[in-house]
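Below is one structure, written out as structure tokens, with a few remarks after it.
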Amino acid sequence: DSGVTQTPKHLITATGQRVTLRCSPRSGDLSVYWYQQSLDQGLQFLIQYYNGEERAKGNILERFSAQQFPDLHSELNLSSLELGDSALYFCASSGAPQGVPGNTIYFGEGSWLTVV
Amino acid sequence: DAKTTQPPSMDCAEGRAANLPCNHSTISGNEYVYWYRQIHSQGPQYIIHGLKNNETNEMASLIITEDRKSSTLILPHATLRDTAVYYCIVRPVRTGANNLFFGTGTRLTVIP
Chain W
5 DSGVTQTPKH LITATGQRVT LRCSPRSGDL SVYWYQQSLD QGLQFLIQYY NGEERAKGNI
65 LERFSAQQFP DLHSELNLSS LELGDSALYF CASSGAPQGV PGNTIYFGEG SWLTVV
Chain S
402 DAKTTQPPSM DCAEGRAANL PCNHSTISGN EYVYWYRQIH SQGPQYIIHG LKNNETNEMA
462 SLIITEDRKS STLILPHATL RDTAVYYCIV RPVRTGANNL FFGTGTRLTV IP
């Protein structure tokens with residue numbers, strides 16, 4: 005158990021809909037990362053937050069957005085869903101301040117999203 | 402960011418040591434080598450990381466060559482539960498973003 009909690013574990017929704025995935029980082033971790041894993045793309049970095057502020061953006065679509073709240077939990081919002089958005093979405097967290105060498109990133113077990 | 406090259410797949414007999422190689426010839430001085438594994442559709446699991454010295458923990462050993470251009474992850478006594486995709490990642494450490502970029506990894510199959 006990594007200590008990173010994601011909900012829901014499984015989600016089935018229709019095209020055009022909007023969903024919210026939730027992540028609770030490990031206790032005390034300030035950084036939260038979101039990754040997408042689809043069958044044909046592997047693990048793709050989406051976005052990173054540090055203590056409530058966006059720190060890095062990867063291959064995140066404009067239809068997707070994220071935020072990190074004062075209690076450090078994070079939500080990934082996916083809107084106008086398409087069939088191709090079906091994937092595993094992972095949240096990860098790390099503790100040390102930015103730039104500290106070797107601050108390990110720990111992953112949750114993911115949220116399975118199926119768009120039908 | 403330095404890229405890594407790993408063999409796409411490997412087999413290992415149960416109980417034997419699994420040696421997973423990784424080439425990272427463009428690694429720079431402030432970049433760490435990280436290893437993660439992903440057991441079928443579970444979250445990636447941290448294994449070990451190092452800068453230039455060899456490292457060992459309860460899961461594995463990491464051997465980094467003196468020129469830092471390659472490394473080997475060693476699982477000393479592989480079990481069936483070690484069957485997974487293993488990712489070697491060179492991680493830049495700098496102020497600002499320090500996220501992980503995953504390649505395609507090595508699919509390790511432990512054979513009974």
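Protein chains in written order, with the working numbering: chain W, 5 to 120; chain S, 402 to 513. All residues carry an ideal CB built from backbone N, CA and C; glycine is no exception.
- Under the three-state reduction of DSSP, D44 (chain W) is assigned to coil, being neither helix nor strand.
- As DSSP reads the structure, R26 (chain W) sits in a beta bridge with W:T11, W:E79.
- In this structure, the alpha-carbon of V434 (chain S) lies about 15 Å from that of Q446 (chain S).
- A buried status is given to A485 (chain S), since no fewer than 16 other beta-carbon atoms sit within 10 Å of its beta-carbon.
- Going by beta carbons, I428 (chain S) and Y437 (chain S) fall outside the 8 Å limit.
- For M460 (chain S), there is no enclosing beta strand (DSSP E), as DSSP marks it with neither H nor E.
- Two segments are said to touch when three or more pairs of C-beta atoms, one from each, lie closer than 8 Å; by this definition the segment 22-29 of chain W touches the segment 66-85 of chain W.
- Around the beta-carbon of A18 (chain W), fewer than 16 other beta-carbon atoms lie within 10 Å, marking it exposed.
- Here L481 (chain S) is exposed: its Cβ has fewer than 16 other Cβ atoms, across all protein chains shown, within 10 Å.
- Not a single C-beta of chain S is nearer than 8 Å to the C-beta of G56 (chain W).
- Between the segment 419-426 of chain S and the segment 47-61 of chain W there are fewer than three inter-stretch CB-CB distances shorter than 8 Å, so the stretches are not counted as touching.
- Going by beta carbons, L82 (chain W) and N55 (chain W) fall outside the 8 Å limit.
- The residues D412, A414, in chain order, have a CB closer than 6 Å to that of I512 (chain S) in the same chain once the five nearest residues on each side in sequence are set aside.
- Contact annotation, S115 (chain W) with T108 (chain W): C-beta distance approximately 22 Å; criterion of less than 8 Å not satisfied.
- Using beta-carbon distances, Y487 (chain S) does not count as an interface residue toward chain W, since no partner is under 8 Å.
- Of the residues assessed, L87 (chain W) falls on the exposed side of the cut-off, its CB having fewer than 16 other CB atoms within 10 angstroms.
- Distance from the CA atom of K13 (chain W) to the CA atom of Y53 (chain W), rounded to whole angstroms, is 22 Å.
- In the same chain as H450 (chain S), and ignoring 5 residues on each side of it, the C-beta atoms closer than 8 Å to its own belong to Y433, V434, Y435, W436, E456, L463, R492, in chain order.
- For L50 (chain W), the three-state secondary structure derived from DSSP is strand.
- Along the segment 5-30 of chain W, the positions whose C-beta sits under 8 Å from a C-beta of chain S are S6, V8, read in chain order.
- Q439 (chain S) is positioned such that its CB atom lies no closer than 8 Å to that of G504 (chain S).
- The Cβ atoms of I490 (chain S) and L501 (chain S) lie closer than 8 Å to each other.
- Residue-level contact by beta carbon holds for N500 (chain S) and chain W, with a gap shorter than 8 Å.
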